[in-house]
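Only one structure is covered here, and it is reproduced in the block below.
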Amino acid sequence: MTTVSVPAGWPATEEEARAVQDGLRARVVLDEPGPEPGTGRVTGVDVAYDDERDVVAAAAVVLDAASLEVVAEATAVGRVAFPYVPGLLAFREIPAVLAALDALPGDPGLVVCDGYGLAHPRRFGLASHLGVLTGLATIGVAKNPFTFTYDDPGVPRGSSSPLLAGSEEVGRALRTREGVKPVFVSVGHRVTLDRACAHTLALTPEFRLPETTRRADSLCRRALQEATIRH
DNA sequence: GCGACAG
DNA sequence: ATCTTGTCGC
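Position one of the first sequence corresponds to residue 5 (this note's numbering), numbered consecutively onward.
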């Protein structure tokens, strides 16, 4: 386990944070296909909080994309750097996520975030932001549609429908389990939407949520527990 | 103006 | 995100 350090110049107000998003948005790369689904490594990142004690814990879990077996993992614990504000989630989660990624031994490969990328009020969600800061290929897989609209996808696993901001497709509602509520996939950095969905399907052989986020979720909760038990 | 709103 | 036991079902 390592310690979270908040990057210098990290915004302190919502206005500053929105300005940062507007300034970085142009650096997102959307025209690279990204890694081949089912090959190389896939890393899940997630964060857990104890707002009472102002503590944050992040986890990064690396899986072999073909076997979905855990190859490496790391955690980071520190102080919360920003409150939760819809549209500004990245400022709350990224410092801890960066620390966990830095503590990883090898290359993370594709990074799967718990939240959105392009599907964002200013088209620069958590996955986009993390991608730009690290240069890594990233995608966002969220559990809720946020403010966006969609038609319910077909019942079979693999069915999808556009996730819409008005008439603009910002992501996809993707059915990962037959007849179960879809997940909401959007592009982060250096991956196309088709491939982001293919990766998501490859990561959900059994459950609605990607194996990456399931693993990262349980690990960061454990890390938070251990960091919170005493002190 | 008010409410909704990824995690 | 988080508060939270047992319970229904494969």
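We put the beta carbon where it would ideally sit given N, CA and C, even for glycine.
Quiz item: Going by beta carbon distance, what residues of the same chain come within less than 7 Å of T232, once the five residues before and after it are set aside?
Solution: D54, R57, V59
Quiz item: Would the segment 204-217 and the segment 28-37 be scored as touching if the rule is three or more Cβ pairs under 8 Å?
Solution: No, the segment 204-217 does not touch the segment 28-37.
Quiz item: If you draw a straight line from the alpha carbon of L223 to that of A80, how long is it in whole angstroms?
Solution: 11 Å
Self-check item: Inter-residue spacing [alpha-carbon to alpha-carbon] between S164 and R83
Solution: About 38 Å.
Quiz item: How far does the alpha helix (DSSP H) with A202 in it reach, from first residue to last?
Solution: 197-206
Self-check item: Enclosing beta strand (DSSP E) for V78 [first to last residue]
Solution: The sequence given here has Ala at residue 78, not Val. Note, A78: beta strand (DSSP E), 74-83.
Exercise. Could you tell me the distance, in whole angstroms, from the CA atom of E85 to the CA atom of P99?
Key: Note that residue 85 corresponds to Ala in the displayed sequence, not to Glu. Between A85 and P99, the C-alpha separation is close to 7 Å.
Exercise. In the DSSP assignment, find the unbroken beta strand (DSSP E) run with D50 in it and report its ends.
Key: That run of the beta strand (DSSP E) goes 45-54.
Quiz item: Whose C-beta lies closer than 6 Å to the C-beta of G192 among residues of the same chain, with five residues either side of it excluded?
Solution: Within the same chain, G192 has close Cβ partners G121, A131, S132, G135, T142, I143, G144.
Practice problem: Out of L168, E173, R194, R212, point me to the one whose CA is closest to P186's CA. | Solution: Closest in alpha carbon position to P186, among L168, E173, R194, R212, is R212.
Quiz prompt | Supposed close pair A63, E77 - CB separation, criterion 8 Å | solution = Between A63 and E77, the beta carbon gap of about 7 Å places them in contact (Cβ cut-off 8 Å).
Quiz prompt | Own chain, CB closer than 6 Å to Y88, minus 5 neighbours either side, in chain order | solution = R96
Quiz item: What is the rounded straight-line gap between the Cα of T217 and the Cα of A52?
Solution: 12 Å
Quiz prompt | N-terminal and C-terminal residue of the beta strand (DSSP E) that H124 is part of | solution = Here H124 belongs to no beta strand (DSSP E), and DSSP marks it neither H nor E.
Exercise. Using a threshold of 8 Å, state whether the C-beta atoms of G48 and R219 are closer than that.
Key: yes
Quiz prompt | Range covered by the alpha helix (DSSP H) that runs through A23 | solution = 18-28
Quiz item: To the nearest angstrom, how far is it from the Cα of C22 to the Cα of P37?
Solution: Here residue 22 turns out to be Arg, not Cys, going by the sequence shown. Cα to Cα, the separation comes out at about 28 Å.
Quiz item: Can you give the Cα-Cα distance for C201 and V65, rounded to whole angstroms?
Solution: 20 Å
Quiz item: Along the chain, where does the beta strand (DSSP E) that runs through T142 open and close?
Solution: Run containing T142: 142-146, per the beta strand (DSSP E) assignment.
Quiz item: Should E210 be labelled buried (16 or more other beta-carbon atoms within 10 Å of its own) or exposed?
Solution: E210 counts as exposed, since fewer than 16 other beta carbons sit within 10 angstroms of its beta carbon.
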